[in-house]
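Position 332 (the sequence shown) corresponds to 579 in the numbering used here; numbering is contiguous.
Backbone N, C-alpha and C define an ideal beta-carbon position, used for all residues, glycine too.
Only one structure is covered here, and it is reproduced in the block below.
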Amino acid sequence: MNLDGTQRNAIVAALQAETWDLLVIGGGITGAGIALDAASRGMRVALVEMQDFASGTSSRSTKLIHGGLRYLKQLEFKLVHEVGQERAILHANAGHIVTPEKMLLPIIEGGTFGKWGVRIGLWVYDRLAGVKPEERRLMLSRDETAKTEPWLRKQGLKGAGLYNEYRTDDARLTVEVMKTAVSMGAIALNYGCVVALTYDVHGKINGASVKNAVLGDVFALKAHVVVNAAGPWVDGIREKDHSLQGKRLHHTKGVHLVVPRARLPLQHSVYFDVDGGRMIFAIPRGLWTYFGTTDTDYKGPLEDPAVTAADADYLIAAVNRMFPDARLERSMIESSWAGIRPLIHEDGKSPSQLSRKDELFFSETGLITIAGGKLTGFRKMAQKVVDVVAERRQATGQAPCKDCVTAHIQLSGFNFSAPTSIAAYADGLATQYKVLQEEVQWLASLYGSNTEEILRLAAGTDRLAILSGALRYSIRHEGVTRLGDFFVRRSAMLYFGRNWIAASLPTAREVFAEEYGLEYDPDPDMAFAKAYAQAVTFAE
Ligand code: FAD
């Protein structure tokens, strides 16, 4: 069974038809990674997600697969080593959505990093992450830096370090991991919310009651082991389990803003500090540049956190200081997003001092919770969780599982029989299907080797026809159920291409009607209409 949104009833029936080895709660990158790891070791896995896949933090990050240079300052060598090494593994397995990106770290008079700090810091960073010699950091003089990134402020500029990181699309990475898990036998349902946990006569957890958010019914799901991978919501699940004691989450909010690339025409991603040592990324992506992030304590609702005027003004001022010619204003912002970091609370620490390490919590009922961590480290986090699940299975007399194999699994979208450049693949398809090169490049950067199927599904060769193919594919293979699933998390158009959405909506509604039936409403609660407005509205 694949992730076909129109087969929802069959998926719900399949979820109820057996007792699963493992039930995963949460369809962000953590849950998707666990489902893939467990399914690839031969376990029978069910996953439920209360919103759309990646609706939580996993579509609201800085979209970098990075080793976390700033964690060096906090002396978190093990973390930098572990996530740094993951970058190359993810690039090898998902080269269409994890791509190398040069990052410029400017050295500014009076800034947090001096010349020697950058030289030594990046040297250590490269070694910890196992970066190949030819890709290691370069130190640039003042003139070289100004030439490399002409919009950078010249006042106080002393030079820069240029080093290797990786860019991604967080929501697409999550969906590709989920699709791969499903191709290995896992069953995953979006819009399926765990409303209660269930227990056997000895008080041990044995499943969950799940509300089908599309039809409104509640069904029972049985499993030998239950993992709580609910990101910012993990404490809510621990509360349902009556096991919320000891360590708790500390929520912090991070905000990003998007401007047209012409307003901030960067050549590379730039990582710079603002007063007080907070670090900000400015990242070019196609026709846009986005920048962030803030890091502030957060106590509001976890679903759809808002960007406030204060958040926007802080980021705009920081960017204008570093790129004075940009002269950005709020009215120039084309889109934005806010995400909640599910960090583990440590007394006396400010948001940016809190560790990004992940931790496992075990409850007496048997619930396993995974909290904290980063997008970049999802594969190792999953391995840790599934090792515990495997031990538990073995303790009940079942045959041992094989060891983790995910380092060698190519994700959906990166199924090429020989080493292939995505750009060359896209150019070949553009010629074969007589479609504009830039359209195919856009598709391939999101869907990788599944692009050809999209072109086959497209009703023609113009932009709207291509969009209809992408949507049809995402309904049939990626569980797209609502407008926002496609425009926010499968195509990222709300963030990078928002001004093109209004013209696309009639086509999108037609495709939904063809796939789901004429009566189907793809935005019943106006969630997408609200998200569309919220992307450029900043609450005072
Ligand atoms: P989520 O993605 O939030 O997934 C949890 C899911 O559980 C949600 O989709 C939610 O709907 C679901 N859920 C909750 N309750 C229930 C329930 N009762 N039933 C069913 N489902 C439920 N990391 C990086 O490596 N690189 C970066 O560049 C980066 N930048 C970041 C920038 C910001 C601003 C933030 C906030 C984080 C950033 N991170 C980054 C960290 C990274 O994004 C997170 O660690 C990661 O996305 C967390 O994934 P998750 O699956 O644990 O949580």
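Cβ neighbour criterion (16 or more within 10 Å) applied to residue i
{"i": "residue 600", "result": "exposed"}
{"i": "residue 588", "result": "buried"}
{"i": "residue 773", "result": "exposed"}
{"i": "residue 538", "result": "buried"}
{"i": "residue 426", "result": "buried"}
{"i": "residue 414", "result": "buried"}
{"i": "residue 678", "result": "exposed"}
{"i": "residue 597", "result": "exposed"}
{"i": "residue 560", "result": "exposed"}
{"i": "residue 643", "result": "exposed"}
{"i": "residue 769", "result": "buried"}
{"i": "residue 467", "result": "exposed"}
{"i": "residue 324", "result": "exposed"}
{"i": "residue 266", "result": "exposed"}
{"i": "residue 701", "result": "buried"}
{"i": "residue 340", "result": "buried"}
{"i": "residue 411", "result": "buried"}
{"i": "residue 788", "result": "Because the chain here runs from 248 to 787, residue 788 falls outside it and cannot be looked at."}
{"i": "residue 310", "result": "buried"}
{"i": "residue 437", "result": "buried"}
{"i": "residue 749", "result": "exposed"}
{"i": "residue 576", "result": "exposed"}
{"i": "residue 448", "result": "exposed"}
{"i": "residue 373", "result": "buried"}
{"i": "residue 668", "result": "exposed"}
Nearest-angstrom Cβ-Cβ length linking residue i and residue j, presumed shorter than 8 Å
{"i": "residue 514", "j": "residue 396", "result": "6 Å"}
{"i": "residue 277", "j": "residue 617", "result": "6 Å"}
{"i": "residue 439", "j": "residue 459", "result": "6 Å"}
{"i": "residue 686", "j": "residue 713", "result": "5 Å"}
{"i": "residue 264", "j": "residue 271", "result": "Contact flag wrong, Cβ pair sits at about 17 Å."}
{"i": "residue 409", "j": "residue 322", "result": "With a Cβ gap of about 24 Å, residue 409 and residue 322 do not count as contacting."}
{"i": "residue 406", "j": "residue 375", "result": "The Cβ separation is near 23 Å, so there is no contact."}
{"i": "residue 303", "j": "residue 478", "result": "5 Å"}
{"i": "residue 603", "j": "residue 333", "result": "Not quite, the Cβ-Cβ distance comes to about 13 Å (not below 8 Å), so this is no contact."}
Helix, strand or coil at residue i according to DSSP, with G and I counted as helix
{"i": "residue 664", "result": "coil"}
{"i": "residue 350", "result": "strand"}
{"i": "residue 249", "result": "coil"}
{"i": "residue 386", "result": "strand"}
{"i": "residue 224", "result": "The requested residue 224 is not part of the displayed model; the chain covers only 248 to 787."}
{"i": "residue 545", "result": "coil"}
{"i": "residue 471", "result": "strand"}
{"i": "residue 710", "result": "helix"}
{"i": "residue 313", "result": "coil"}
{"i": "residue 585", "result": "strand"}
{"i": "residue 598", "result": "helix"}
{"i": "residue 394", "result": "helix"}
{"i": "residue 647", "result": "coil"}
{"i": "residue 437", "result": "coil"}
{"i": "residue 284", "result": "helix"}
{"i": "residue 405", "result": "strand"}
{"i": "residue 448", "result": "coil"}
{"i": "residue 773", "result": "coil"}
C-alpha distance - residue i paired with residue j, whole-angstrom precision
{"i": "residue 369", "j": "residue 319", "result": "9 Å"}
{"i": "residue 509", "j": "residue 759", "result": "34 Å"}
{"i": "residue 428", "j": "residue 507", "result": "36 Å"}
{"i": "residue 521", "j": "residue 567", "result": "11 Å"}
{"i": "residue 551", "j": "residue 585", "result": "8 Å"}
{"i": "residue 269", "j": "residue 291", "result": "6 Å"}
{"i": "residue 670", "j": "residue 315", "result": "28 Å"}
{"i": "residue 380", "j": "residue 682", "result": "39 Å"}
{"i": "residue 556", "j": "residue 787", "result": "5 Å"}
{"i": "residue 755", "j": "residue 698", "result": "18 Å"}
{"i": "residue 665", "j": "residue 594", "result": "51 Å"}
{"i": "residue 360", "j": "residue 349", "result": "18 Å"}
{"i": "residue 780", "j": "residue 744", "result": "14 Å"}
{"i": "residue 752", "j": "residue 676", "result": "26 Å"}
{"i": "residue 273", "j": "residue 474", "result": "9 Å"}
{"i": "residue 661", "j": "residue 654", "result": "14 Å"}
{"i": "residue 301", "j": "residue 741", "result": "15 Å"}
{"i": "residue 364", "j": "residue 307", "result": "31 Å"}
{"i": "residue 647", "j": "residue 631", "result": "16 Å"}
{"i": "residue 441", "j": "residue 298", "result": "11 Å"}
{"i": "residue 696", "j": "residue 295", "result": "27 Å"}
{"i": "residue 258", "j": "residue 487", "result": "25 Å"}
{"i": "residue 726", "j": "residue 423", "result": "12 Å"}
{"i": "residue 709", "j": "residue 639", "result": "54 Å"}
{"i": "residue 637", "j": "residue 580", "result": "48 Å"}
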